[in-house]
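Those protein sequences? They're chains W and Z, same order as listed. Residue 1209 is where the first sequence starts when you use our numbering, and the numbers rise one by one after that. Residue 1209 is where the second sequence starts when you use our numbering, and the numbers rise one by one after that. Below is one structure, written out as structure tokens; comments come after it.
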Amino acid sequence: MRSRTIDSAALVETCMALSGDGWRLATIAVTDAELPELRYVFCGPRSAGWQQLVLRPAGATDAANRRVPSLAPSNVAADWLEREIEDLFAIDFVGHPLLGDFVLHDNRWAEGVGPMRPGARIREARVERAWQPRRVLREEGAFVMPVGPVYAGEAESALFLLETVGEDVVRTVPRLFYKYRGVEKLAQGRSVQDALLLVERANGTSAFAHAWTYCMAAEEILGVRAPARAERLRAVFAELERVRRHVAAIRAIVDSTALWVGAARLLELEERLLRACGAAGGHRYLFGLATVGGLQRDVDDSTLLAVANDASDVGKHVVATVEQLAHTSSFLDRIQRVGILTQAQAEQFGAVGPFARASGAVFDLRCEQPYGAYATFQPVVPSADEGDGYARLRVLAQEIRSSLALIAELTREIPTGPVRTAWSARSGEALGWAEAPGGASVQLLRLDDEARCIDLRFTPPSFRNWQNFRWVTEDFAFQDFPIILATCGLCVAENDR
Amino acid sequence: MSWFLRGILGGIRTTRYPAKPENAPGTNPGLPAGVDPADAAQRLLADTCPTNAIVDIAEAVEIRAERCIHCMRCAPRAAASPLPWRYDTQWAVNAPKRIGDASLGKTFRKSVHVRVVDAGDCGACLSEILHLNDPLYNMHRLGIFITPTPRQADVLLVVGPVTEQMRVPLREAYDAMPEPKRVLAVGACAASGGIFGPSFTAAAGASDVVPVDVVVPGCPPPPLVILEALLALAGHRSR
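In structure tokens, the structure reads:
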């Protein structure tokens, strides 16, 4: 990754120039010793690769060191990244329109704790205060309808503030991070293998993709490459996981419209994939399979082929079910033309994954910055233009098909040999990236001489996409809320990490 | 073809469990079990266990199942693991502070309502709970139902280590439930904090915030293991 140092004065201008040349802001990382150092990581157009801008805020006193000009006014994709850093590192972004009450909720934590800073006094920062949602809408009869954090059947914990004047919801403000577990903080000081366990468990439903992202960064630092067989198997399992997550996402959409037979059918198909993963990978959610240097266990070719066949059979049933959905008018009525995200919004606000591709913003790291086996095996990346609930459903279904085709190719003539390379400790820093089921996942990892994690920056796809959630939840009817939420397929655990 | 017909033509695919054991591959990842104090190799495993689920005390090793996060380093398929694993479904145990039988008694045998609270779960435990509704498992046939409101719930099912910001919502859900009530901590995180807790933002499991009756280890515990624990709470088995 190319790196160049810039100063505060040139930051906004340089970033705007990069965006103009087609570079996307992937994440902002903070490496925090005494003087914080901000790294703005950009993903380039195709062959350009990645580059980072390193910013060391100038200034003598501690307070002055923690002030950085905000990118948010010129590049809204930086909005949530900056809000997150303000809460976690106590760095002030000058010119940012709204900071505070984001990761750390105001009713539980005092201001300016910055728990990610070394030596932050976290325990003393606990408070118990009342908290009231801000109400922006000032119309006659307007009120805020809170949904969450504990709601519905087995929903993930998050609070949604629905601002309404009666029947229709004008806008929705999600309040997330109820499930903040501090993966990035807990990783500090752990051995490279133990920090992997944290990343894996940040989101159990796309554990393998995140574990792979992490391993890619660690392997780059340690100067090793996973053997050819491991690279191939990693891609097979990553695609299996994608298929499973997409089946679950379609199931959630069908479930939200109360089409029970279809939902039950898809639930059963998802269970078949879980069992296939369990039988081949040893764990239903593929925990403990990826390891730094390759895979922890080998899978013999016949098992792998059996899994591929099983998955392809499941895929046929999913396609048939989606086909029937396309002819069920009561279902289509509820997901068509609801929760629309335009292409301009998706691109401007840095949406990723199938969520963005359903709005015509096509970006897939497997094609843009190929890694592992994707260098030779390229997927077909489907997209749609409408950006509504139905477009998202179609993109998910088409991606299942494309992933299964890719699995069939990947399981042909699998290279033989070991699945694990030995490594010895080395210090350094590197970027790992992968197209997780939800979209682009980026991790910036630093290791010390004994291969312990100094710090880790983990920007998952759901974090990028939740930022767009307010666009899809403007002016809709109350009863559509669960449906819109389901069609977005956003994961709270992955965002909160 | 209508959805109804398609559903009916699929036939019954539900497991015979609990009448007969379910042995389909991939339904159970297993759990480390069994300890041989004389085995030096097992004692060495205590060093590789990231959450101290395998502890070396004086002359013996002990398994603390509620701490196991399924890192699979000591799994039978890992390079020559000397540790035996179990593949049954009776993983659940009474919480350490629980005195006496945790079951709700015979009255609840055919109808027990469960409120699930996500207190920092990664998504895997929730997904396994969701699969109890799967036609392949179908917990409804056994009289177990998920309810959206704690006011109608008999069992509070907690997943996740209980993050700082979920403490109050979890406590409020528990307080809203009528007596008699039971708390089931599902998964390594809720059982012990797992890999996340205790930490600056996570508690050491559900028992830090609400009184836990039954603990289900596993990361995540597979559907049948959770079902088994719910059956025990519903008075099908005494515990």
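Just so it is clear, CB atoms sit at the ideal spot from N, CA and C, and this is done for glycine as well.
Environment of residue i [buried if 16+ CB atoms lie within 10 Å]
{"i": "Q1250 of chain Z", "result": "buried"}
{"i": "V1263 of chain Z", "result": "exposed"}
{"i": "T1421 of chain W", "result": "buried"}
{"i": "L1306 of chain W", "result": "exposed"}
{"i": "A1685 of chain W", "result": "exposed"}
{"i": "R1492 of chain W", "result": "buried"}
{"i": "G1218 of chain Z", "result": "exposed"}
{"i": "T1223 of chain Z", "result": "buried"}
{"i": "N1260 of chain Z", "result": "exposed"}
{"i": "A1268 of chain W", "result": "Only weak support exists for where A1268 of chain W lies, its pLDDT of 41 falling under 50; the coordinates are left without a value."}
{"i": "A1581 of chain W", "result": "buried"}
{"i": "P1233 of chain Z", "result": "exposed"}
{"i": "N1231 of chain Z", "result": "exposed"}
{"i": "M1224 of chain W", "result": "exposed"}
{"i": "K1393 of chain W", "result": "buried"}
{"i": "Y1348 of chain Z", "result": "The question names Tyr, but residue 1348 of chain Z in the sequence shown is His. H1348 of chain Z is exposed by the Cβ-count criterion."}
{"i": "T1235 of chain W", "result": "buried"}
{"i": "R1342 of chain W", "result": "exposed"}
{"i": "F1677 of chain W", "result": "buried"}
{"i": "L1477 of chain W", "result": "buried"}
{"i": "G1313 of chain Z", "result": "exposed"}
Residues bridged to residue i (per DSSP)
{"i": "N1302 of chain Z", "result": "Z:V1422"}
{"i": "I1265 of chain Z", "result": "Z:A1268"}
{"i": "L1639 of chain W", "result": "W:L1652"}
{"i": "L1239 of chain Z", "result": "Z:R1294"}
{"i": "L1674 of chain W", "result": "Checking the displayed sequence, the identity of residue 1674 of chain W turns out to be Trp instead of Leu. Per DSSP, none; premise fails for W1674 of chain W."}
{"i": "E1682 of chain W", "result": "W:R1379"}
{"i": "R1628 of chain W", "result": "W:G1502"}
{"i": "P1277 of chain W", "result": "W:V1302"}
{"i": "T1371 of chain Z", "result": "Z:A1410"}
{"i": "D1326 of chain Z", "result": "Z:V1367"}
{"i": "L1664 of chain W", "result": "W:L1653"}
{"i": "V1320 of chain Z", "result": "Z:I1352"}
{"i": "G1647 of chain W", "result": "W:A1644"}
{"i": "F1317 of chain W", "result": "Just to set this straight, residue 1317 of chain W is Trp in the shown sequence, not Phe. Note: W1317 of chain W sits in a beta bridge opposite W:R1334."}
Anticipated Cβ contact below 8 Å, residue i with residue j, distance rounded
{"i": "Q1259 of chain W", "j": "R1247 of chain W", "result": "Not really, about 10 Å apart at Cβ, beyond 8 Å."}
{"i": "T1624 of chain W", "j": "R1437 of chain W", "result": "6 Å"}
{"i": "E1364 of chain W", "j": "V1589 of chain W", "result": "Their Cβ separation, rounded to whole angstroms, is 28 Å, which puts E1364 of chain W and V1589 of chain W out of contact at 8 Å."}
{"i": "V1366 of chain Z", "j": "V1325 of chain Z", "result": "5 Å"}
{"i": "G1368 of chain Z", "j": "A1398 of chain Z", "result": "6 Å"}
{"i": "L1378 of chain Z", "j": "R1323 of chain Z", "result": "Not confirmed; about 11 Å, so no contact."}
{"i": "V1451 of chain W", "j": "A1559 of chain W", "result": "About 22 Å; that fails the 8 Å criterion."}
{"i": "A1395 of chain Z", "j": "P1428 of chain Z", "result": "Sequence inspection shows Gly at residue 1395 of chain Z; the Ala mentioned does not correspond to that position. Correct: roughly 5 Å between the Cβ atoms."}
{"i": "S1632 of chain W", "j": "W1641 of chain W", "result": "The pair is not a contact, with the Cβ atoms about 25 Å apart (cut-off 8 Å)."}
{"i": "G1502 of chain W", "j": "T1667 of chain W", "result": "No, G1502 of chain W and T1667 of chain W are not in contact; Cβ-Cβ is about 25 Å, not under 8 Å."}
Proximal chain Z residues relative to residue i, where beta-carbon distance stays under 7 Å
{"i": "E1479 of chain W", "result": "H1339, D1342 and L1344"}
{"i": "T1413 of chain W", "result": "G1331, A1332 and S1335"}
{"i": "V1358 of chain W", "result": "V1325, P1377 and A1381"}
{"i": "P1323 of chain W", "result": "F1408"}
{"i": "R1492 of chain W", "result": "G1234, P1237 and P1430"}
Within chain Z, partners of residue i - CB distance below 8 Å
{"i": "F1385 of chain W", "result": "Q1373"}
Neighbouring residues, chain W, relative to residue i (Cβ below 7 Å)
{"i": "P1258 of chain Z", "result": "D1402 and L1405"}
{"i": "T1409 of chain Z", "result": "Y1388, R1389 and G1390"}
Amino acids of chain W, ordered along the chain, whose beta-carbon sits closer than 8 Å to that of residue i
{"i": "R1281 of chain Z", "result": "G1496 and Q1504"}
{"i": "C1427 of chain Z", "result": "R1409 and F1495"}
{"i": "R1169 of chain Z", "result": "Nothing can be reported for residue 1169 of chain Z: it is not among the residues displayed for chain Z, which extend from 1209 to 1447."}
{"i": "P1226 of chain Z", "result": "In chain order: nothing, as chain W lies at least about 18 Å away."}
Amino acids of chain Z, ordered along the chain, whose beta-carbon sits closer than 9 Å to that of residue i
{"i": "K1524 of chain W", "result": "Those within 9 Å of K1524 of chain W in chain Z number zero; the least Cβ separation is about 14 Å."}
{"i": "A1659 of chain W", "result": "Going along chain Z, no residue has its Cβ under 9 Å from A1659 of chain W, so there is no contact; the nearest lies around 15 Å."}
{"i": "R1665 of chain W", "result": "The contacting residues do not exist; R1665 of chain W stays about 17 Å from chain Z at best."}
{"i": "I1330 of chain W", "result": "F1408 and T1409"}
{"i": "E1364 of chain W", "result": "D1326, D1329, G1331 and L1334"}
Contacts that residue i makes with chain W (C-beta to C-beta distance below 9 Å)
{"i": "R1221 of chain Z", "result": "E1476"}
{"i": "W1211 of chain Z", "result": "L1467, W1468, V1469, G1470, R1473, Q1532 and T1536"}
{"i": "K1401 of chain Z", "result": "The residue asked about is misnamed: residue 1401 of chain Z is Gly in this sequence, not Lys. Here the premise fails: no neighbours, minimum Cβ distance about 10 Å."}
Handout entry: Every unbroken beta strand (DSSP E) within the region 1383-1418 of chain Z, with a cutoff of 3 residues, ordered by chain
Key = 1390-1394
Handout entry: Continuous alpha helix (DSSP H) assignments of at least 4 residues falling wholly in the region 1321-1402 of chain W
Key = 1391-1395
Exercise for the section: Go through the region 1211-1270 of chain W residue by residue and report every complete run of the alpha helix (DSSP H) that reaches 4 residues or more, in order. Expected result: 1216-1228
Problem - Length-filtered (4 minimum) alpha helix (DSSP H) runs lying within the region 1488-1551 of chain W - result: 1509-1533 and 1537-1543
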